[in-house]
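Asks:
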Amino acid sequence: MISLNRSSFLNKSSTSFSGISSFSHSQRKASATIIVGLSSNGHTNGRVEKKIGVVMESTFKEMNNGAASVLDMDGKTAVHGGVEDVYGEDHATEDQCVTPWTISVASGYSLLRDPHHNKGLAFTVKERDAHYLRGLLPPTVVSQDLQVKKMMHNLRQYQVPLQRYVAMMDLQERNERLFYKLLVDNVEELLPVVYTPTVGEACQKYGSIFRRPQGLYISLREKGKILEVLKNWPEKRIQVIVVTDGERILGLGDLGCQGMGIPVGKLSLYTALGGLRPSSCLPITIDVGTNNEQLLNDEFYIGLRQRRATGQEYKELLQEFMSAVKQNYGEKVLVQFEDFANHNAFELLARYRTSHLVFNDDIQGTASVVLAGVVAALKLVGGTLAEHTFLFLGAGEAGTGIAELIALEMSKQTKAPLQEIRKKMWLVDSKGLIVSSRKESLQEFKKAWAHEHEPVKTLLDAVKAIKPTVLIGTSGVGQTFTKEVVEAMASFNEKPVIFALSNPTSQSECTAEEAYTWSKGRAIYASGSPFDPVEYEGKVFVPGQV
């Protein structure tokens, strides 16, 4: 049995089969034989997907009096010295598009190039016979465990983290099973490779390392066609979508279309650590342009070369996207907003939380993990949540999200009004401590955190004035927890809790070594990206990751 596949049988202006209407009488007869048994997989928006199974012996011999069958080439030359142009592809124009026929024999050659099912040398002898793999692989059979050992050996040879990232992505694109086996068995070592901090550098250089698409790219050019774009994705039973517009990637800022590394990496972790099937996960990047001049001038940049769309144009594109997602995948699909800028993140969450199953990782996900970290720290520090005072450097999505969730938990424990509990939370933004006198100029999501206090310009002065027991950094600016700040925290806290959460490690407010050294080993420290253990005065400190 030989299968013929044509990606599109219907041309745009007619229901006749393109490439067949121009055949001779005998060719049409043969073509009719091919079309017998045509089965439809559905008709949506004028698009028909067809698959044909035919027996070749009685068909191709009739074409062109048996002279130019694709199986029985007679050496006749055609355009550019190839075989005769039986189907007219060489004469296709923009007005009359012709999709080439492809012939594939039922064999395992394509199986080895299918990352979802390929096992490489792990195919057993019986599987090689059953799937026509004889001769396509070396004779040895290797267990998956040995494959894992070999891959880890190879990965450890790379000195540059980005090289490891590229090697892992290559593995995911050719052997998905081995990729997740490797990640699950070596999660501590490989987590920093497939996600932070390495994914930050990968996004910055995504245009240079791009090989194959790993998700959907929806740009302004697809406006009005987003539903059709979603249908281009081969998997239909999607449970989770992670979507970004690339405007605030980690602490690196606007990376535009190259932010795709974030949804891809996040969903890899959902499979490896959360058990979701890879086929049910869909990474998406919404490309509305970028304001990053360096990327706009980069010849390898893969996104739209224009300034970011804003206002009504942006809202209309997102509205069409959210409507198309629900229409195509149903109401139960989870849409996770990832690394949107503050001015869009809060608005999108508020707009769609009542009509869609949505979740913002930067506002809600980070907050839940940090709250868990604070609760764990209390076992070492002592006291209840309500007995502690919190100071945040950074009043964006993460900072306000964490503050709100801690306040909610504190209110739940004490039965006190939320508005009263919020007074235990103080936030510092780029203009200093957020206080009541600044309320008129504050963005809406910051106003709840404006308390009565005299203006304070610097973080150090805020630490000295507020005297917090917990200092949390979400600023996206590295080295802002200076020696003076950490020493001030240690001066009035026996065990100061210091969470430097900005990613990647280059943007961390302080390193683990700095926190332990400047606090003389007394700090309870955690970071957003992992740091290695630190030895201080003969004692080894293992920093947490929040």
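Numbering (full-length UniProt numbering), first residue to last: 1 to 546.
For every residue, glycine included, the Cβ atom is placed at its ideal position computed from N, Cα and C.
1) Have a look at R353 and Q214 and give me their C-alpha separation to the nearest angstrom.
2) Between the stretch 455 to 471 and the stretch 490 to 498, are three or more C-beta pairs nearer than 8 Å?
3) So, at 8 Å on beta carbons, what are the nonlocal neighbours of A462 in its own chain, with the 5 sequence-adjacent residues on each side left out?
4) Give the range of the beta strand (DSSP E) segment to which P283 is assigned.
5) How would you label S104, buried or exposed, when you count the other beta carbons within 10 angstroms and need 16 or more for buried?
6) Can Q413 and A386 be called in contact, C-beta distance under 8 Å?
7) Does E404 pass the burial test, meaning 16 or more other C-beta atoms within 10 Å, or should it be called exposed?
8) Can you round the beta-carbon distance between G246 and T285 to whole angstroms, since I take them to be within the 8 Å contact cut?
9) Is the beta carbon of H453 sitting closer than 8 Å to the one on K423?
10) Between which two residues does the beta strand (DSSP E) containing T310 stretch?
11) Tell me whether W518 sits in a helix, a strand or coil according to DSSP, three-state version.
12) At what residues does the alpha helix (DSSP H) containing A130 begin and finish?
13) Would you kindly work out how many angstroms separate the C-alpha atoms of V540 and E347, rounded to a whole number?
14) Say whether the stretch 307 to 327 touches the stretch 218 to 227, bearing in mind that this needs 3 or more beta-carbon pairs closer than 8 Å, one atom from each stretch.
15) Just verifying my parser: in three-state terms, what is the DSSP assignment at W449?
16) I need the straight-line Cα distance from N328 to L227, nearest angstrom please.
17) For the alpha helix (DSSP H) that contains K119, what are its first and last residues?
18) Would you decide whether A130 is buried or exposed? Buried here means 16 or more other CB atoms lie within 10 Å of its CB.
19) Would G207 and F300 qualify as a contact pair, given that the criterion is a beta-carbon distance under 8 Å?
20) I need the straight-line Cα distance from R248 to N503, nearest angstrom please.
21) For a quick check, are the C-beta atoms of K446 and A395 less than 8 Å apart?
22) Secondary structure at V148, three-state DSSP: helix, strand or coil?
23) List the whole-angstrom C-beta distance separating E338 from D361, where the pair is believed to meet the contact cut-off of C-beta under 8 Å.
24) Measuring straight from C-alpha to C-alpha, what distance separates L408 and R305?
25) Taking the straight line between their C-alpha atoms, what separation do you get for D85 and P234?
26) Below 7 Å CB to CB, which residues in the same chain sit around G261 once its five sequence neighbours on both sides are set aside?
27) If M151 and L182 are in contact, beta carbons under 8 Å, what's the gap, nearest whole angstrom?
28) Am I right that T505 and F531 are in contact with their C-beta atoms under 8 Å? What's the rounded C-beta distance?
29) How would you label P138, buried or exposed, when you count the other beta carbons within 10 angstroms and need 16 or more for buried?
30) For the alpha helix (DSSP H) that G383 lies in, which residues bound it at each end?
31) Along the beta strand (DSSP E) that carries G473, what are the first and last residues, could you check?
32) Mind checking whether the beta-carbon of R221 lies closer than 7 Å to any heavy atom of the ligand HEM?
33) For K119, does the count of other Cβ atoms within 10 angstroms reach 16, so buried, or fall short, so exposed?
34) How about W518 and K464: do their beta carbons lie closer than 8 Å?
35) Taking the alpha-carbon positions, what's the I209 to N186 distance?
36) In terms of DSSP beta bridges, what is S527 paired with?
Replies: Looking at the atomic coordinates:
1) 27 Å
2) yes
3) L391, W426, V428, G432, L433 and V456
4) C281 to D287
5) Any reading at S104 must be qualified, since the residue scores a pLDDT of 48, below 50, and its modelled position is unreliable; no value is offered.
6) yes
7) buried
8) 6 Å
9) no
10) Per DSSP, T310 belongs to no beta strand (DSSP E) and is neither H nor E.
11) helix
12) V125 to A130
13) 44 Å
14) yes
15) helix
16) 7 Å
17) Per DSSP, K119 belongs to no alpha helix (DSSP H) and is neither H nor E.
18) exposed
19) yes
20) 11 Å
21) yes
22) helix
23) 5 Å
24) 43 Å
25) Because the pLDDT at D85 is just 48, under 50, the model does not fix this residue reliably, and the value given afterwards should be weighed accordingly. About 31 Å.
26) V199, A202, C203 and Y206
27) 6 Å
28) 7 Å
29) exposed
30) Unbroken run through G383: none, as it is neither H nor E.
31) V470 to G473
32) For the ligand HEM, the structure offers nothing, since it holds no ligand at all.
33) buried
34) no
35) 24 Å
36) A500 and Q545
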